[in-house]
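Going by UniProt numbering, the final residue of the sequence shown carries number 707, and the count climbs one at a time with no gaps. Where a beta carbon is used, it is the ideal one built from N, C-alpha and C, also for glycine. What follows is a single structure, written as structure tokens, with notes after it.
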Amino acid sequence: MMTFCKQRLPTKAPQVLSAALDRRIPINATLFSKFLWACRKAAPPMLWQALDMYSKCGVRSPDIIFQLANICRMSRCPTTALFLVQDAIENNVDIDLKLMSLFAACCAESLCTRAADTAERLLDLVRSKRIGPYHNHELYCNLLKALVAQDRFDAAVNALDLLDSIGFPPAMQAFTLVLSALAKSGNVQQALTVFRTMVDRGIRVDTPALACLVAACGRAAQLDAVQEIHGYIRDNELVLNDLVVSALVSAYANCGDLEAAAGAFAERCTTSDPHGDVFNSMISAYCKHGKVAEARSVFDRLPTPTIESCNAVVSALVKDDRVSEAMPYFRVMTGLSAKPDVPWFVRLINACDRCFEASSATVLHEFAKSSGMVGSDKVASAFIAAYAACCHVDRAYDVFADRCAHSIPGVPVFDSMIAGFAQHGMLDEALDAFNRLKESRVRPTQTTLVGLLTACSNAGADMDHVEALVSEFASTWRINVNHNGHLVELQARAGDLDAAEALARSGDPSLASWMSVLRGCWKHGDEKRAGRCLKRVLALPDDGAARGHMSALTMMLEVVPDSRTSMRKQIERKMADLGQGERRVVLQLPDRSLRVSSADERFCNDPVVLEQHLGLLGRLQGRGHSPDSKTERDLSRIEVVALAHALATLQAERETPVRLSLDTRIRRDTHAVFKLASQAYQRSIYVRDPGRIHRFHQGRCACDDYW
1 MMTFCKQRLP TKAPQVLSAA LDRRIPINAT LFSKFLWACR KAAPPMLWQA LDMYSKCGVR
61 SPDIIFQLAN ICRMSRCPTT ALFLVQDAIE NNVDIDLKLM SLFAACCAES LCTRAADTAE
121 RLLDLVRSKR IGPYHNHELY CNLLKALVAQ DRFDAAVNAL DLLDSIGFPP AMQAFTLVLS
181 ALAKSGNVQQ ALTVFRTMVD RGIRVDTPAL ACLVAACGRA AQLDAVQEIH GYIRDNELVL
241 NDLVVSALVS AYANCGDLEA AAGAFAERCT TSDPHGDVFN SMISAYCKHG KVAEARSVFD
301 RLPTPTIESC NAVVSALVKD DRVSEAMPYF RVMTGLSAKP DVPWFVRLIN ACDRCFEASS
361 ATVLHEFAKS SGMVGSDKVA SAFIAAYAAC CHVDRAYDVF ADRCAHSIPG VPVFDSMIAG
421 FAQHGMLDEA LDAFNRLKES RVRPTQTTLV GLLTACSNAG ADMDHVEALV SEFASTWRIN
481 VNHNGHLVEL QARAGDLDAA EALARSGDPS LASWMSVLRG CWKHGDEKRA GRCLKRVLAL
541 PDDGAARGHM SALTMMLEVV PDSRTSMRKQ IERKMADLGQ GERRVVLQLP DRSLRVSSAD
601 ERFCNDPVVL EQHLGLLGRL QGRGHSPDSK TERDLSRIEV VALAHALATL QAERETPVRL
661 SLDTRIRRDT HAVFKLASQA YQRSIYVRDP GRIHRFHQGR CACDDYW
């Protein structure tokens, strides 16, 4: 009957075997073997019925266990067969070559912890001579696969030694398995040991494993090891293999040997153009070490630009704050149908913020709209911040409104808009954005409150307004922040310098708080108090590359009257010690941003620029401005020269505001010149300095002459 089931009706085999059990008929190996044949022949194989009957009446023999394990493999459940190893051991079943090979295959296919445990057990049985030392390379490779899949690297290396001890030296495939796994996991020393053994035995190291090893040595910054492997590469004429050379270039770069990386790249290029991956590795190597010009030179040699190469150059240029130079590569990258990931794209937008690159932000914005990326809150927030920082708060609001029209955005979008309005001192607009947040049932954060308080500070709001906001956040959302710094700023601005100084003393020493008091002294002419504040400021660390200290000294110099010659000289010496250096200005022109500095003689002495400067001075004098010798020096500062150039360049575009960014706090006299110019030219002028954004219009500034 079982024979009939095996041949014609396999699904009935379990019923036949159950009937035999019910009648207490002894189940011998022949009957059970036919049962397993029927289970295997069924579609799908009857795995669980076979396992159930094996537990009840299965005969323990090499053939029976082999058939059952085979059914497990056929059912794609190799892990299920692993218990049979222990079952065979406990029942003293001889594990012959065929059964051992099947167990090893099940271990390799399972790739789980149990599989690695089983592989180690089988190797221990070989080591103890419980199982014969079978000479089968595939068998041992399967066991090694199970071990390295679970990071059992010591066991894998010991397995190689075991093969030597049984007189069956590991083959290339076994060595390669272990070498690749060790290299990928960062076990460099063990990988090098395996590599050297292979070299000593004359076993060829295949190129993928070799590339993995080179890369691992590079990541570990082991230059000696990279050089050793490079020697092997030369000896085996692999210097033209693109996979190996790409890894070699990257490894040398990671080890800091850029010259060797360039040498390996040049050696590969002697006969033909390498694969794009080799170019990408060399470009990335140069970018990693700040050699952007060299990276761009290699990029220009690429037969066909790749997304990776564009990405590397763009990232390097952005890191170096050269956003406008990165834009052509970004266009090539997007022309390859590449859609950058959001974090990378946000870093690019943030660079536009830092570099005052509104034109580049516009290019990115158009791409974001066409690709759908502008729907991301992170991307929208970055654009709002960038446009606001680039003095285009109207564009920032457009991004905000578009995002809100699509769906209710997350709180980061609202926070970016509030912070953008705060930079411009636009308190009413910041409060409108906050009210919109509440209407949208979005929960604010500490960042929201800080943005609103900053808007209050920059707009000169009264104390009651600030306390109302702080109270609302505390009572409604249980959000509290230390707002002493904003209170100091508002009290100093209002002229209550005693209260401002007392509050600055009461908390932890803060550069921002004491700068606020110093600003109040500067505004209200309190020279004595300003001297005390200056000492406090200079005693505190300045994370802004001495920019805060320089601003403090500049304000103090403007507080001290010209008659105090000795005091003024002391301040000027201190400024010289800090290394005031060149002052930099960025101008936004219609299609680009122009960077100039006080040390840029070619710009400052350009005949056209000089004529534009004289034109500005003439226009100011026509408005009744009669400069003395001190004011004439102020009028020749780079900020004013840059303003003259911007006004002349934008002459045909009457409605376009002038936008400049300064790397130092705008001086009082320069501020006065900009106010006059806005009235003389009937044009709005935006100036971003480290503290805030100024908007000059019709002879007034939005900061109300307090900054």
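**OP:** Please confirm whether proline 274 and valine 244 have their CB atoms less than 8 Å apart.
**Re:** The Cβ atoms of proline 274 and valine 244 lie no closer than 8 Å to each other.
Original post:
So, helix, strand or coil for serine 678, using DSSP?
Top reply: Under the three-state reduction of DSSP output, serine 678 falls in the helix class.
Subject >> Assigned exposure category for isoleucine 25 - 16 Cβ within 10 Å defines buried >> reply: Exposed, since its Cβ has fewer than 16 Cβ neighbours within 10 Å.
**OP:** Note down the Cα distance separating phenylalanine 4 from alanine 116, rounded to an integer number of angstroms.
**Re:** Taking the CA atoms as reference points, phenylalanine 4 sits about 40 Å from alanine 116.
**OP:** In angstroms with no decimal places, state the Cα-to-Cα distance between arginine 683 and cysteine 391.
**Re:** Taking the Cα positions, arginine 683 is about 15 Å away from cysteine 391.
Original post:
What's the gap between the Cα of aspartate 496 and the Cα of glycine 615?
Top reply: Distance between the alpha carbons of aspartate 496 and glycine 615 is about 42 Å.
**OP:** Let me know the secondary structure DSSP gives histidine 230 once reduced to three states.
**Re:** Under the three-state reduction of DSSP, histidine 230 is assigned to helix.
Subject >> Beta-bridge pairing of cysteine 701 - partner residues as DSSP gives them >> reply: Listed as beta-bridge partners of cysteine 701 by DSSP are Phe696.
Subject >> Local Cβ density within 10 Å of histidine 694, reported as buried at 16 or more and exposed below that >> reply: Buried, since its Cβ has 16 or more Cβ neighbours within 10 Å.
Original post:
So, helix, strand or coil for leucine 650, using DSSP?
Top reply: Correct three-state label for leucine 650: coil.
Original post:
What three-state label does DSSP hand arginine 667 in the structure shown?
Top reply: Under the three-state reduction of DSSP output, arginine 667 falls in the coil class, being neither helix nor strand.
Original post:
How many angstroms separate the CA atom of lysine 145 from the CA atom of proline 444?
Top reply: Between lysine 145 and proline 444, the C-alpha separation is close to 53 Å.
Original post:
Between the beta-carbon of phenylalanine 345 and the beta-carbon of methionine 373, is there less than 8 Å?
Top reply: Taking 8 Å as the cut-off, the beta carbon of phenylalanine 345 is found closer than this to the beta carbon of methionine 373.
Original post:
Given that a residue counts as buried once 16 or more other Cβ atoms are within 10 Å of its Cβ, and exposed if not, what is histidine 483?
Top reply: Buried is the call here.
Subject >> Local conformation of serine 597 per DSSP, three classes >> reply: Looking at serine 597 - three-state DSSP - the assignment turns out to be strand.
Original post:
Per DSSP, what kind of secondary structure is serine 629 in: helix, strand or coil?
Top reply: Low per-residue confidence applies at serine 629: pLDDT is 47, beneath 50, and the placement is therefore not dependable, though the value from the model is reported in the following sentence. Serine 629 falls in the helix class under three-state DSSP.
Subject >> Entirely enclosed alpha helix (DSSP H) segments - the segment 21-97, minimum 4 residues >> reply: Along the segment 21-97, the alpha helix (DSSP H) occurs as fully enclosed runs of 4 or more residues at 29-41, 47-57, 62-74, 83-90, listed in sequence order.
Original post:
Among Lys339, Ala672, Ala368, Ala338, which one has its Cα closest to the Cα of isoleucine 349?
Top reply: For the residues Lys339, Ala672, Ala368, Ala338, the minimum Cα distance to isoleucine 349 belongs to Ala368.
Subject >> Same chain, Cβ closer than 7 Å to glutamate 308, five either side skipped, listed in chain order >> reply: Residues Asn280 of the same chain have their beta carbon placed closer than 7 Å to that of glutamate 308, with the five preceding and five following residues left out of the count.
**OP:** Using the Cα positions of alanine 108 and phenylalanine 83, report the straight-line distance between them to the nearest angstrom.
**Re:** Rounded to the nearest angstrom, the gap between the Cα atoms of alanine 108 and phenylalanine 83 is 15 Å.
Subject >> Residue span of the alpha helix (DSSP H) that contains valine 148, given as start and end >> reply: Its alpha helix (DSSP H) spans residues 137-149.
**OP:** May I ask you to report which of helix, strand or coil DSSP gives valine 194?
**Re:** Three-state DSSP puts valine 194 in a helix.
Original post:
What does DSSP give as the partner residues of tyrosine 686 in its beta bridges?
Top reply: DSSP output for tyrosine 686 lists Arg659, Arg695 as bridge partner(s).
**OP:** Classify lysine 574 as helix, strand or coil using the three-state DSSP reduction.
**Re:** Here lysine 574 sits in helix by DSSP.
Subject >> Distance between beta carbons of alanine 512 and leucine 534, contact taken as under 8 Å >> reply: In fact, because the Cβ distance is near 15 Å, the residues do not count as touching under 8 Å.
Original post:
Does DSSP put valine 560 in a helix, a strand or coil?
Top reply: If DSSP states are grouped into helix, strand and coil, valine 560 belongs with coil.
Subject >> valine 314 - containing alpha helix (DSSP H), residue span >> reply: It spans 307-319 - the alpha helix (DSSP H) in which valine 314 sits, taken as one unbroken run.
Original post:
Applying the criterion that 16 or more other CB atoms from any shown protein chain within 10 Å of the CB defines a buried residue, is histidine 230 buried or exposed?
Top reply: Histidine 230 should be labelled buried.
Subject >> Straight-line Cα distance separating glycine 485 from alanine 500 >> reply: When rounded, the distance between both Cα atoms is 9 Å.
Subject >> Inter-residue spacing [alpha-carbon to alpha-carbon] between cysteine 521 and cysteine 404 >> reply: So the two alpha carbons sit approximately 43 Å from each other.
Subject >> valine 205, DSSP secondary structure in three states >> reply: Valine 205 falls in the coil class under three-state DSSP.
**OP:** Assign valine 673 to buried or exposed, taking buried as 16 or more other Cβ atoms, counted over all protein chains shown, within 10 Å of its Cβ.
**Re:** Looking at its Cβ environment, which holds 16 or more other Cβ atoms inside 10 Å, valine 673 is buried.
**OP:** Count the CB pairs spanning the segment 504-518 and the segment 461-477 that are closer than 8 Å, and state whether there are at least three.
**Re:** With the cut-off at 8 Å, the segment 504-518 and the segment 461-477 do not touch.
**OP:** With distances taken Cα to Cα, identify the nearest neighbour of leucine 453 among Ala174, Leu97, Gly290, Ala422.
**Re:** Closest option to leucine 453, Cα to Cα, is Ala422.
Subject >> Straight-line Cα distance separating leucine 182 from alanine 209 >> reply: Whole-angstrom Cα-Cα distance: 10 Å.
**OP:** Just grab the DSSP bridge partners of valine 586 for me.
**Re:** Checking the DSSP bridge columns, you'll see valine 586 partnered with Arg595, Ser661.
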